[in-house]
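Read the structure below first, then the notes.
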Amino acid sequence: MLVFKNIKEMQAYSRNHRSAGRTIGFVPTMGALHEGHLSLVRQSFRDNDITLVSIFVNPTQFGPDEDFHAYPRNSEGDIQLLSELSVHAVLLPVNEEMYPEGFSLSVQVGETGNRLCGRSRPGHFDGVATVVAKLFNIICPDRAYVGQKDLQQTVVIKKLVREMNFDIDIIVCPVVREVNGLAMSSRNSYLSKEERRAATVLNRALKHGREMILIKEVSDTALIIKELEEIINSEDSARVDYVEIVDAEKLLPLDTIRSPVAICIAVYIGNTRLIDNIILQ
Ligand code: PAF
Numbered sequence: 059m060l061v062f063k064n065i066k067e068m069q070a071y072s073r074n075h076r077s078a079g080r081t082i083g084f085v086p087t088m089g090a091l092h093e094g095h096l097s098l099v100r101q102s103f104r105d106n107d108i109t110l111v112s113i114f115v116n117p118t119q120f121g122p123d124e125d126f127h128a129y130p131r132n133s134e135g136d137i138q139l140l141s142e143l144s145v146h147a148v149l150l151p152v153n154e155e156m157y158p159e160g161f162s163l164s165v166q167v168g169e170t171g172n173r174l175c176g177r178s179r180p181g182h183f184d185g186v187a188t189v190v191a192k193l194f195n196i197i198c199p200d201r202a203y204v205g206q207k208d209l210q211q212t213v214v215i216k217k218l219v220r221e222m223n224f225d226i227d228i229i230v231c232p233v234v235r236e237v238n239g240l241a242m243s244s245r246n247s248y249l250s251k252e253e254r255r256a257a258t259v260l261n262r263a264l265k266h267g268r269e270m271i272l273i274k275e276v277s278d279t280a281l282i283i284k285e286l287e288e289i290i291n292s293e294d295s296a297r298v299d300y301v302e303i304v305d306a307e308k309l310l311p312l313d314t315i316r317s318p319v320a321i322c323i324a325v326y327i328g329n330t331r332l333i334d335n336i337i338l339q
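Going from the sequence shown to this note's numbering is simple: count from 1 and add 58.
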């Protein structure tokens, strides 16, 4: 497996494969890889001739009081995992090359980036869209793979591709969960043993929401949100950031259920902010 630190070399490698008529699948990551990321890599292998992965903890998507410096980093372990999967190449750029002195352009996502997570993380999705646009320009993949766990991010990236005319298919892969239902996330490494148990409340709340909608046929979203908040608040270490029921495509809030609907939640477990969602057709 090749590891590129230099952007131009990565660009040339990718271009050579494209010129030879090979399809390229791309998995953008911030490292600290887990089974969720690996499921994206495996899907890319099934769909493409070549699979490329980037590892870059992107400073522009973190707010000043967020965990950029503490964010888990394990590039040696990540490279080991990816080479075991026979990934063709990894891009591991340095900050100075991604954001050289004087860098000032950015993608402004607008309203879609201000809802849900955007309310407590202003500017986050502009940072995501900016770095993803740069990575797409470097790799020029045929397909890019993103996880449904970050539902709002998938909507933002699809919007980026549509509105900026990137010729790339965005493939959204299902949430990968631990046996106890906790959605896999690099930030789970912040949780203590007790917090890990408490964090299963996110999945319990989502399952309750699904039951209310699909089995009890409750249509009033305010009622569903109230019950989900009660479940989350029953855990001492949990604090709701938001519970929202939205249409799964534009993420606009719904008063009554209509398909496809997404239940999206963000919850602090101690100091760790976790997100999760389910989509119901
Ligand atoms: O989901 C992530 O890991 C990041 O937001 C991404 C898409 C790699 C952009 O930095």
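Even glycine gets a Cβ: it sits at the ideal position worked out from N, Cα and C.
Contact test: T170 Cβ vs ligand 1 heavy atom, cutoff 6 Å: no
Cβ-Cβ distance between V301 and I315 below 7 Å: no
Any non-hydrogen atom of ligand 1 within 6 Å of P86 CB: yes
Run of the alpha helix (DSSP H) containing R316, from where it starts to where it stops: Here R316 belongs to no alpha helix (DSSP H), and DSSP marks it neither H nor E.
CB of L264 within 7 Å of CB of I336, strictly: yes
Own chain, CB closer than 7 Å to G328, minus 5 neighbours either side, in chain order: E253, S295
Rounded separation between V259 and L249 - CA only: 14 Å
Residue from P158, S112, Q119 whose Cα sits closest to the Cα of G89: S112
Beta strand (DSSP E) runs contained entirely in the stretch 124-188, provided each spans 3 or more residues: 147-149
One or two residues paired with N335 in a DSSP bridge: C322
Any 3 or more C-beta pairs closer than 8 Å across the stretch 171-189 and the stretch 210-217: yes
Cβ-Cβ distance between I65 and I196 below 7 Å: yes
N246: CB within 6 Å of a non-hydrogen atom of ligand 1: no
Collapsed DSSP secondary structure at G94 in the structure displayed: helix
Nearest-angstrom beta carbon gap, V219 and I229 [assumed within contact, 8 Å]: With 8 Å as the limit, I229 and V219 do not qualify as a contact, their Cβ atoms being about 11 Å apart.
Three-state secondary structure (DSSP) of R80: coil
Identity of the residue in I321, K63, R177 nearest T279 by Cα: I321
Ordered list of beta strand (DSSP E) runs contained in the stretch 256-318, each at least 3 residues: 296-305
Any non-hydrogen atom of ligand 1 within 6 Å of V233 CB: no
Pair within 7 Å by beta-carbon distance, V325 and L338: no
7 Å Cβ cutoff met for C231 and G267: no
Own chain partners of F224 with C-beta closer than 6 Å, once the 5 adjacent residues on each side are dropped: F194
Whether C198 touches S72 by CB criterion (7 Å): yes
N116 CB to nearest heavy atom of ligand 1 below 6 Å: yes
Beta carbon of R245 nearer than 7 Å to that of T330: yes
Chain-order list of residues whose beta-carbon lies under 7 Å from that of R179 (same chain, five-residue window excluded): G121
V325 CB to nearest heavy atom of ligand 3 below 6 Å: As for ligand 3, it is missing from this structure, which binds only ligand 1.
Alpha helix (DSSP H) segment containing R220, residue limits: 209-221
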